[in-house]
Amino acid sequence: MRSITVLFFFIALSSVKGQTTQLPNYSCSENNATIQFTLSSSSHSASNSTSSCSLQQCNTSLNNNDNCRSSSTPCFDYRTINNISYCAPGILCSILERCDNITQTCSSNNSICVINSCCSSQAVCLPFLATRMCKTGWFSTGNMSAARYGHTASVLLNGLVLVTGGFDFSNYLNSVELYDPSTGTWTTTGSITEARSVHTASLLSNGKVLVTGGYNGSFLNSAELYDPLTSIWTTTGNMMNARYSHTASLLSNGLVLVISGEGAGNIVLNSAELYDSSTGTWTITGNITNARWGHTASVLSNGLVLVAGGYNGSIVYNSAELYDPSTGTWTSTSSMINARYDHTASVLSNGKVLVTGGVDNGYISLNSAELYDPSASTWTTTSNMTNPRQAHTASVLSNGKVLVTGGYGISSALNSAELISVWAQNQLGLRASGNLRGLQIGAAVVVDQIRRNIDFKQYNEKIQRDCTGATANTIGWAQQNLMKVRGHTLVWPDDRRIPKWLLDQESSITSDKAKLLLSNYIHSVVGRYRGKILWWDVINEAINDTNTTNPLNLRDRFWMRKLGPDFLNFAFQFAQAADPNVKLYYNDYGIESIGLKATRTLNLVNWLRSQGATVHGIGLQWHIDFSRSIVRNDGHYQSAQQFINNQLDISVTELDVTIPTNGGYLIDRADLYKQAIVYRAMLEYAIYFYPKCEALLTWGFTDRYSWLPEYYKNNRGAGLPLDWIYLAKPAFLEMQELMTRVVVDGVYRLSPQLQPDKCLGASQIGINSIVQLYNDECNKTNQKWNITWLGDGTYRFSLQSTQNFVLGTYNASASLGHVQTYNWLDNTNQRWAFSAKGNDIFRIVPQTAWWKVMTTDGTSNVGIVDYFTSKSQHWILTKV
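Going by UniProt numbering, 97 is the number at position 97 of the sequence shown; the sequence numbering is gapless.
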């Protein structure tokens, strides 16, 4: 690793983040390297003097936003292709990603594509984090064709939002509309059979929508089904009790749970019932503790159902209860901050529940919002909506935002809609998910610049100084946050890393004096952090890249010249004496794959052991680029196995994956996906060799602080999991998806998300059988797949009827590779990996080509294509 630093510490960080990940208040200084935003007088995303480009500054009349939070923050009006406005500061163009030319989308849900920036003639991705500098987070979008409240909204599998029924203060409605998030527009579709308001609508696992109950002058117990493929409504079995202002929730077992509400005679119900879509029938389950209507019910990631708020005719509740589908019983949980009813509750991707609006005890419409955390059973407030609303809807879109529509405001029904960007992070970061496997995942932190280190000073008189500086502070911070620390590096045989005053005296320093200097130094440093650092890279990059006449092909550097190869032995023995419990590593680059340098490294370790030194492991640096191919049993795996076979642990110590940055210009989003594939392959590599592979550590965590731009003259870089403003790149998301996989062994049906009525099956039971989609009942033996975890990050798909016939790829490198069945031979083309895209929705990736993904073209054909953002590559797994 060519760098300008002497002492680094590796810390296993949550979500690969460190102390600097929380942005300070925005400052408009052009020289503020912390934020990298600039004044409007400079060339950036909102101003470019050479092209006479300048965006209009934001104000409340332009886009319904609040004014800038700080008077010193110039915020500009960015526009999407649909003319939706976003307010954000100017940002350096060199840190922005280009949008996809065709889809006008960004690789991350944390950004929005804007077409009017001053960076380039091409659209760029504006980070939502930047918009937070200027506004509260809610944005206006297109209006519905009819004002309504007491309606429903459901996000369909194709990403559209289905809005049904409601009341406009004159009529109960049977009209239905569809919202397209990609355009912000509404269109009408087939009407429901029976006009109704304050009813429910539930998206079933087959893609249909179940509408139940409601009120249209009479209390309704009727139910009907909407088919998105035909836009037709059909009736199904009636509920046991007529009710409105109730809730309906799709449980993990496929049943629909209907809870409480108001029934005939204006009696508030405490009953609950279950709908079985396979039979169209209803059965009774346990009663809720407190009868209520106007409440919400949310299915949590643990399978429990959270019921919050509501009204019983005299009391507005802030209480909440949990329903357990396995027992049919109810228990209490913590209460909301505000009592409310006719509000909404949305389960976010991080598992938390967002509650918005409703009516309080004073019968006033609310614009407040709060979040429920199931892991802690606590509620916290979040930013308010623009408009107070009750009896409105809230839908979590595929881009992670929450769409709020309609409802009743202060004095009238609303046809307005607004969006909130969801900023909450996943509960389980990379560090935490790695800990579940025992694998340490973290990043390098530069604790100080070398000119502050005492080794690089020469003093003419004795003075008292604190020489620990930021190092001790960083170690203390790590301990407070229960993080494990790795020390890098004790001895780096490079004369550029030796103090000038020591090199100037080299000719007068005897070997005994050099040995004493080395001993004092290592004992001082290792002894200072004894018991606090768990691993030390004792020696870094001692082996020369080209042939030399030196023993072990060592570099001709200061310690080698004074002590010969024994300096290696001395360093390891001094380190062990200073801290007998620390694990001692040799660290180097160019040894990641089988070859001469890897062999020389093993020879060096074996020589050290013959001299009595203890060497616990090898640190493999892994400075690579996005074109690197890493597959099981290749040279990379062989090199790791070679070290392990010699009783050595291994760690990935300095991982970064560079992509072209073209001298600081915009980053190509296709390269970000290729980079993500390499990062995923690296994590698979670490998982495969665990527990002998102890850690996967990146050389930094954000592109803002990286050695790459300087070393590669700004032509290559952007090699880390987080970008310049600490947003997760596709690389981070790929690793996160892999570590939070939810697939378990068992028998499954597989259906495309865009064709949920079809299922994956083999054309016949046998070898070389073509795999395609079928649209029958999807329960035949050639359509059921036994999925088995193979322990290395991959799975085997075998036909339920004949376990030795397995799913595999043929010619995966082709533009559309085939998928067929083979005899199980444990070949790489018969192993598959998953990455989660939602509840029970996954991408399915062949081990032979990590950049490919299984897809459908909308017909019966199934193939393997390059990964790109498309729901044609998303598959629904239904356990049989």
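Ideal Cβ positions, reconstructed from N, Cα and C, are used throughout, including at glycine.
Source: prediction; values computed, not measured.
For the alpha helix (DSSP H) containing A577, name the first residue and the last one.
Against the sequence shown, residue 577 aligns to sequence position 577. That run of the alpha helix (DSSP H) goes 566 to 578.
Under 8 Å by Cβ, that's how I've got L773 and P752 pegged, so tell me the actual separation to the nearest angstrom.
Sequence index remark: in the sequence shown, residue 773 carries index 773 (1-based). Sequence index remark: in the sequence shown, residue 752 carries index 752 (1-based). Contact holds; Cβ gap of about 7 Å.
Looking only at its chain, what residues have a beta carbon closer than 7 Å to the beta carbon of N460, apart from the 5 residues adjacent to it on each side?
The sequence position of residue 460 within the sequence shown is 460, counting from 1. Note on N460: pLDDT 43, under 50, position unreliable in the model; the coordinate value appears next. Correct list: empty, nothing qualifies.
Given 8 Å, three or more beta-carbon pairs between the region 626 to 635 and the region 652 to 661:
yes
Is it right to say M240 is buried, meaning 16 or more other beta carbons lie within 10 angstroms of its own, or is it exposed?
By one-based count along the sequence shown, residue 240 stands at place 240. With fewer than 16 Cβ atoms within 10 Å of its Cβ, M240 is classed as exposed.
Is it the case that the Cβ atoms of L96 and S45 are separated by a distance below 8 Å?
On the sequence shown, position 96 is the one that residue 96 refers to. On the sequence shown, position 45 is the one that residue 45 refers to. Taking 8 Å as the Cβ cut-off, L96 and S45 qualify as a contacting pair.
Is it true that the CB of A542 sits closer than 8 Å to the CB of R555?
Within the sequence shown, numbered from 1, the residue matching residue 555 stands at position 555. Within the sequence shown, numbered from 1, the residue matching residue 542 stands at position 542. Yes, the pair counts as a contact, with Cβ atoms nearer than the cut-off.
Residue of T821, P181, N804 minimising C-alpha distance to A417:
Indexing the sequence shown from 1 puts residue 417 at position 417. When only C-alpha atoms are compared, the closest one is P181.
State buried or exposed for V865, treating a residue as buried only when at least 16 other CB atoms are found within 10 Å of its CB.
Within the sequence shown, numbered from 1, the residue matching residue 865 stands at position 865. When all chains shown are included, V865 counts as buried.
With a threshold of 7 Å on Cβ separation, who are the neighbours of S335 within its own chain once the five nearest residues in sequence on each side are excluded?
As a first step, residue 335 is located in the sequence shown; it is residue number 335 there, counting from the start. N318, S319, A320, listed in sequence order.
What is the DSSP secondary structure of K597, counted as helix, strand or coil?
Here residue 597 refers to the residue found at position 597 of the sequence shown. If DSSP states are grouped into helix, strand and coil, K597 belongs with the helices.
What are the uninterrupted segments assigned as beta strand (DSSP E) that are 3 or more residues long and contained completely in the region 622 to 709, given in chain order?
623 to 625, 649 to 660, 693 to 698
Collapsed DSSP secondary structure at S301 in the structure displayed
Taking the sequence shown and counting its residues from 1, the one referred to as residue 301 is at position 301. If DSSP states are grouped into helix, strand and coil, S301 belongs with coil.
CB L274 to CB Y323, shorter than 8 Å?
Taking the first residue of the sequence shown as 1, we reach residue 274 at position 274. Taking the first residue of the sequence shown as 1, we reach residue 323 at position 323. The answer is no: Cβ separation not under 8 Å.
Limits of the unbroken beta strand (DSSP E) element including F558:
Reading the sequence shown from its first residue, position 558 is the one you call residue 558. Careful: F558 lies outside any beta strand (DSSP E), inside the alpha helix (DSSP H) at 558 to 563.
Assuming I589 contacts I539 (C-beta within less than 8 Å), just tell me the rounded distance between them.
The residue given as residue 589 occupies position 589 in the sequence shown. The residue given as residue 539 occupies position 539 in the sequence shown. The sequence given here has Tyr at residue 589, not Ile. Not a contact, Cβ separation roughly 13 Å.
Grab me the residues of G150's own chain with a C-beta within less than 6 Å of its C-beta, minus the 5 sequence neighbours each way, in chain order.
Along the sequence shown, read from residue 1 onward, the residue named residue 150 stands at position 150. If we look at G150 and ignore the five residues flanking it on each side, its Cβ neighbours are G166, F167, S197, V198, A391.
Nearest to D545 by CA position, among L596, S332, S154, is which residue?
Reading the sequence shown from its first residue, position 545 is the one you call residue 545. The candidate whose alpha carbon is nearest that of D545 is L596.
Please state if the CB of Q621 and the CB of T653 are separated by a distance shorter than 8 Å.
To locate residue 653, count along the sequence shown from 1; it is residue 653. To locate residue 621, count along the sequence shown from 1; it is residue 621. For T653 and Q621, yes; Cβs fall inside 8 Å.
Any idea what DSSP makes of E734, helix, strand or coil?
Sequence index remark: in the sequence shown, residue 734 carries index 734 (1-based). In this structure, E734 counts as helix in the three-state DSSP scheme.
Spatial neighbours of F558 in its chain, beta-carbon cut-off 6 Å, leaving aside the 5 residues before and after
Numbered from its first residue, the sequence shown carries residue 558 at position 558. Around F558: D495, I498.
May I ask whether a heavy atom of the ligand ATP can be found less than 7 Å away from the beta carbon of G328?
The ligand content of the structure shown is nil, which means the ligand ATP is not present either.
DSSP beta-bridge partners for Y244?
Position 244 of the sequence shown, counted from the start, is the residue given in the question as residue 244. Paired residue(s): E262.
Can you tell me the Cα-Cα spacing of N547 and S763, whole angstroms?
Residue numbering aside, residue 547 sits at position 547 when the sequence shown is read from its first letter. Residue numbering aside, residue 763 sits at position 763 when the sequence shown is read from its first letter. When rounded, the distance between both Cα atoms is 58 Å.
Let me make sure I understand the geometry here. Which of A731, Q573, A146 has the alpha-carbon closest to that of Q611?
Mapped onto the sequence shown, residue 611 falls at position 611. Cα-wise, what sits closest to Q611 is Q573.
Cβ separation of T356 and H343, assumed to be a contact under 8 Å, to the nearest whole Å
Counting from 1 along the sequence shown, the entry for residue 356 is found at position 356. Counting from 1 along the sequence shown, the entry for residue 343 is found at position 343. T356 to H343, Cβ: 6 Å. Contact.
For T285, which residues from the same chain have a beta carbon less than 6 Å from its beta carbon, with the 5 sequence-adjacent residues on both sides left out?
Stepping through the sequence shown from its first residue, residue 285 is reached at position 285. Excluding residues within five positions, the ones whose Cβ falls inside 6 Å are A272, L274, G328.
Whole angstroms is fine: what's the gap from G237's alpha carbon to L251's?
For the purposes of this step, residue 237 is identified with residue 237 of the sequence shown, where counting begins at 1. For the purposes of this step, residue 251 is identified with residue 251 of the sequence shown, where counting begins at 1. Rounded to the nearest angstrom, the two C-alpha atoms are 19 Å apart.
Between which two residues does the beta strand (DSSP E) carrying I533 extend?
Indexing the sequence shown from 1 puts residue 533 at position 533. Counting along the chain, I533 falls outside any beta strand (DSSP E), and DSSP gives it neither H nor E.
For N318, which beta-bridge partners are listed by DSSP?
The sequence position of residue 318 within the sequence shown is 318, counting from 1. For N318, which the question treats as bridged, DSSP gives no partner whatsoever.
Quick check: V155 and S301, are their CB atoms within less than 8 Å of each other?
Numbered from its first residue, the sequence shown carries residue 155 at position 155. Numbered from its first residue, the sequence shown carries residue 301 at position 301. Against a cut-off of 8 Å, the Cβ pair of S301 and V155 comes out as no contact.
Alpha carbon to alpha carbon, what distance is there between L482 and S769?
Taking the sequence shown and counting its residues from 1, the one referred to as residue 769 is at position 769. Taking the sequence shown and counting its residues from 1, the one referred to as residue 482 is at position 482. Straight-line Cα distance between these residues: approximately 52 Å.
Environment of Q647 [buried if 16+ CB atoms lie within 10 Å]
Working through the sequence shown from its first residue, we reach residue 647 at position 647. Classification for Q647: exposed.
Mark V880 as exposed unless 16 or more other C-beta atoms lie within 10 angstroms of its C-beta, in which case mark it buried.
The sequence position of residue 880 within the sequence shown is 880, counting from 1. So V880 counts as exposed.
Which of the three DSSP states is assigned to G476 in this structure?
For the purposes of this step, residue 476 is taken as the residue at position 476 of the sequence shown. Three-state DSSP puts G476 in a helix.
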